[in-house]
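For reference, the structure is listed below as structure tokens.
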Amino acid sequence: MGWYDYLSDLGAALTIQSVAAEQAADPPAEDESSSEGDEKDDSEEAESGDGEDAAEEEEEEEEEEEEEPEDIKDKLEEECMKTPACAPAKHHYDECAERVQGQIDENGKADEDCVEEFFHLMHCATQCAAPKLFRQLR
Amino acid sequence: MLARSSLRASRALGATKTSATRTATRNASTQSSSESAGSWKNAALASSSTALAIGSVAWYYYQYGRPMHAMTPAEEGLHATQYPWEHEKFTKTFDHAALRRGFQVYREVCASCHSLSRIPYRSLVGNFMTVDEAKALAEENEYDTEPNDEGEIEKRPGKLSDYIPAPYKNDEAARAANNGALPPDLSLMVKARHGGCNYIFSLLTGYPDEPPAGAVVQSGLNFNPYFPGTGIAMARVLYDGLVEYEDGTPATTSQMAKDVVEFLNWSAEPEMDDRKRMGWKVIAVGSVLFAISVWVKRYKWANIKTRKMLYNNPYAQQNATKHPGSVHRR
Numbered sequence: 001m002g003w004y005d006y007l008s009d010l011g012a013a014l015t016i017q018s019v020a021a022e023q024a025a026d027p028p029a030e031d032e033s034s035s036e037g038d039e040k041d042d043s044e045e046a047e048s049g050d051g052e053d054a055a056e057e058e059e060e061e062e063e064e065e066e067e068e069p070e071d072i073k074d075k076l077e078e079e080c081m082k083t084p085a086c087a088p089a090k091h092h093y094d095e096c097a098e099r100v101q102g103q104i105d106e107n108g109k110a111d112e113d114c115v116e117e118f119f120h121l122m123h124c125a126t127q128c129a130a131p132k133l134f135r136q137l138r
Numbered sequence: 001m002l003a004r005s006s007l008r009a010s011r012a013l014g015a016t017k018t019s020a021t022r023t024a025t026r027n028a029s030t031q032s033s034s035e036s037a038g039s040w041k042n043a044a045l046a047s048s049s050t051a052l053a054i055g056s057v058a059w060y061y062y063q064y065g066r067p068m069h070a071m072t073p074a075e076e077g078l079h080a081t082q083y084p085w086e087h088e089k090f091t092k093t094f095d096h097a098a099l100r101r102g103f104q105v106y107r108e109v110c111a112s113c114h115s116l117s118r119i120p121y122r123s124l125v126g127n128f129m130t131v132d133e134a135k136a137l138a139e140e141n142e143y144d145t146e147p148n149d150e151g152e153i154e155k156r157p158g159k160l161s162d163y164i165p166a167p168y169k170n171d172e173a174a175r176a177a178n179n180g181a182l183p184p185d186l187s188l189m190v191k192a193r194h195g196g197c198n199y200i201f202s203l204l205t206g207y208p209d210e211p212p213a214g215a216v217v218q219s220g221l222n223f224n225p226y227f228p229g230t231g232i233a234m235a236r237v238l239y240d241g242l243v244e245y246e247d248g249t250p251a252t253t254s255q256m257a258k259d260v261v262e263f264l265n266w267s268a269e270p271e272m273d274d275r276k277r278m279g280w281k282v283i284a285v286g287s288v289l290f291a292i293s294v295w296v297k298r299y300k301w302a303n304i305k306t307r308k309m310l311y312n313n314p315y316a317q318q319n320a321t322k323h324p325g326s327v328h329r330r
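First to last, the sequence lines map onto chains L and F.
Its first residue numbered 1, the first sequence is counted upward by one per residue in full-length UniProt numbering.
Its first residue numbered 1, the second sequence is counted upward by one per residue in full-length UniProt numbering.
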């Protein structure tokens, strides 16, 4: 019967939702603890004898390490440009850029632009990089 | 007969072997008495009419069949890539930690130019801020009071019911401060642009290091492939580490863009979480009612569905005794 599948789907959806809710509930708890920890460190830095957890210190260390975060989007897209799917677009764009550079060198101005080639290249590269990028973002 | 006709066909085939094979079969069926001359004319007529037909159709499609574009691809802008947004799934809500981060990005980065005029402070409460946080935020700004006894309008600190203030007094002031370009209000921006979240994320992260070769970028504009026309007055604003998140999330460009886009989606659709829950309620209740209706229908129809109708022909029964075969003949 169709409606039995429907109900089982519903059940599956509800279980996923509950799992997601738990997952979502976790990071705020960490946030609170870390922010509280920061406040404590700020206010009673001198008398912070209790040193609540080793975890807080670890978090602080992580923050120090992550002082200069680096965006992986450009790196992912550059890797994607080398895949067989995007290599032709990259080839076309490079060829166009070379041609236009030649025109600039000869005549002092470009007779055409490589916007369309750039569009095709970026369309392919971002499409390839999108799921990889979002897997690594929070 | 069959043997003779096949013989004739093979003779005709042999005669027209030099012409195109497509016309050869046709000649076999319309063969006349003057075999050689007729088949040549027929072949010429058939092939020329076919060529005319194909040619006219091709010419028509060349003239009128191709899609028309009013603008060049550069003028249309690059179509935004589809990103796998978690909050856009049917069973998912906004990530409210991301909303908090996104609001921080809006406040520290976007708010210097873009207003968010449809969001009051009270709507932040319970979504990603506590009452006290939102009140403290509101009190940072001054708002007009009601006219007092002398008709003077004074200033008071903001309350929860106040709306987030705009960076400029009006559109003209915004244009004057931004080289003639008006930074749009962001309250409903996710709904207001084709591509929604994907467009804004692509726009924020899509500034190339340098425009593609030969592209003309007017002075005062920046190249962004996703903006229609590719020349956008807004420069790239999100750089790695621009914002320091209070939850320790590494503030990369993509992370900030993702958070602020999710926040803008919330500001455009603050009812989304409730809407999805309501949708699932409707589906749950509706499926129960549908199941009940199926069972009730079967119950009510049981009598009718199991009823048998019999018709005994009295005439046949009468005659059955006299002529045993008559019933079967009917």
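Note that the Cβ used here is the ideal one computed from N, Cα and C, for glycine as well.
This one's a predicted model, so the numbers in the text were calculated from it and none came from an experiment.
Return the chain-ordered list of same chain residues with a C-beta closer than 6 Å to the C-beta of residue i, the five sequence neighbours on each side being excluded.
i              : result
A89 (chain L)  : H120, L121 and C124
F128 (chain F) : H96, L99 and R100
S267 (chain F) : I119 and S187
Y245 (chain F) : R101 and A251
E108 (chain F) : V243
N265 (chain F) : V190 and C197
A130 (chain L) : none
A58 (chain F)  : none
Might you give, ordered along the chain, the residues of its own chain that have their beta carbon closer than 7 Å to the beta carbon of residue i, omitting 5 neighbours on each side?
i              : result
A302 (chain F) : none
Q82 (chain F)  : N198
F201 (chain F) : Y83, A257, K258 and V261
N224 (chain F) : L203, G206, Y207, T230 and I232
C113 (chain F) : P167, N178 and P183
A174 (chain F) : Y168, L182 and P183
N313 (chain F) : none
Y93 (chain L)  : C114, E117, F118 and L121
K135 (chain F) : L160
G196 (chain F) : V190
E76 (chain F)  : P228
G171 (chain F) : The identity of residue 171 (chain F) in the sequence shown is Asp, whereas the question assumes Gly. Correct list, in chain order: L182.
Residue i: which of the options sits nearest, CA to CA?
i                     : options                           : result
P84 (chain F)         : L:L7, L:Y6 and L:Q136             : L:Q136
I232 (chain F)        : F:L182, F:P250, F:G55 and F:F94   : F:L182
K73 (chain L)         : L:R138, L:A12 and L:L133          : L:L133
P69 (chain L)         : F:R156, F:N313 and F:G241         : F:G241
residue 331 (chain F) : F:K191, F:Y226, F:V105 and F:V288 : It is not possible to answer for residue 331 (chain F), since the shown part of chain F is limited to 1 through 330.
E86 (chain F)         : F:M272, F:A284, F:D132 and F:I292 : F:M272
V190 (chain F)        : F:L52, F:E76 and F:F263           : F:F263
V115 (chain L)        : L:K75, L:I104, L:V100 and L:L7    : L:V100
G126 (chain F)        : F:P270, F:A192, F:K276 and F:G195 : F:P270
F227 (chain F)        : F:A134, F:P73 and F:G279          : F:P73
T249 (chain F)        : L:D9, L:D71 and L:E78             : L:D71
E112 (chain L)        : F:Q218, F:P212, F:W40 and F:K308  : F:P212
E142 (chain F)        : F:I153, F:N148, F:E133 and F:D132 : F:I153
L137 (chain F)        : F:R122, F:E146, F:D144 and F:D149 : F:R122
A215 (chain F)        : L:H91, L:A97, L:N107 and L:R138   : L:A97
Output needed for residue i: all residues of its chain with C-beta closer than 8 Å, excluding positions within five of it in sequence on either side, in chain order.
i              : result
G286 (chain F) : none
T205 (chain F) : L238, T253, S254 and A257
S35 (chain L)  : With a pLDDT of 44 at S35 (chain L), under the threshold of 50, the predicted position of this residue should be treated as unreliable, though the coordinate-derived value follows. For S35 (chain L), where only same-chain residues beyond five positions count, there are no Cβ hits under 8 Å.
L221 (chain F) : G231, I232 and A233
S117 (chain F) : Y163, I164, A166, D185 and S187
A110 (chain L) : V100, Q103 and I104
A87 (chain L)  : M81
A85 (chain L)  : C124 and C128
T145 (chain F) : I153, E154, K155 and R156
For the ligand MN, I want to know if residue i counts as a neighbour, meaning its beta carbon is within less than 8 Å of at least one of the ligand's heavy atoms.
i             : result
Y83 (chain F) : The ligand MN is absent from the structure shown, which contains no ligand whatsoever.
For residue i and chain C, any beta-carbon pair shorter than 9 Å?
i              : result
Q104 (chain F) : Reference to chain C is not applicable here, since the protein chains of this structure are L and F.
Complete runs of the alpha helix (DSSP H) confined to the UniProt domain "Cytochrome c" (97 to 250) of chain F [at least 4 residues]: 131 to 139, 171 to 177, 189 to 192 and 196 to 205
Residues, ordered as in the chain, of the region 70 to 98 of chain L that lie near chain F by beta-carbon distance below 9 Å: E70, D71, I72, K73, D74, Y93, C96, A97 and E98
Just by C-beta distance, which residues in the region 236 to 258 of chain F are closer than 8 Å to chain L? D240, G241, E246, D247, G248, T249, P250, A251, T252, T253, S254, Q255 and K258
Which ranges does the alpha helix (DSSP H) cover as unbroken runs of at least 4 residues, wholly within the UniProt domain "Ubiquinol-cytochrome C reductase hinge" (71 to 138) of chain L, from first to last along the chain? 73 to 81, 87 to 107 and 115 to 136
Any C-beta of chain F within less than 8 Å: which residues of the region 113 to 133 of chain L qualify? D113, C114, V115, E116, E117, F118, F119, M122, H123, T126, Q127, A130, P131 and L133
Near-chain L residues of the region 273 to 295 of chain F - C-beta to any C-beta below 8 Å: W280, I283, A284, S287, F290, A291 and V294
Could you run through the region 101 to 112 of chain L and flag, in chain order, every residue whose CB is less than 7 Å away from some CB of chain F? Q101, A110 and E112
Contacting positions in the region 40 to 67 of chain F - beta carbon closer than 8 Å to chain L: none
Curious, which full-length alpha helix (DSSP H) runs of at least 4 residues does the region 49 to 83 of chain F contain? 73 to 76
Short-range partners of chain L found in the region 202 to 218 of chain F, where Cβ spacing is below 8 Å: S202, T205, G206, P208, P212, A213, G214, A215 and V216
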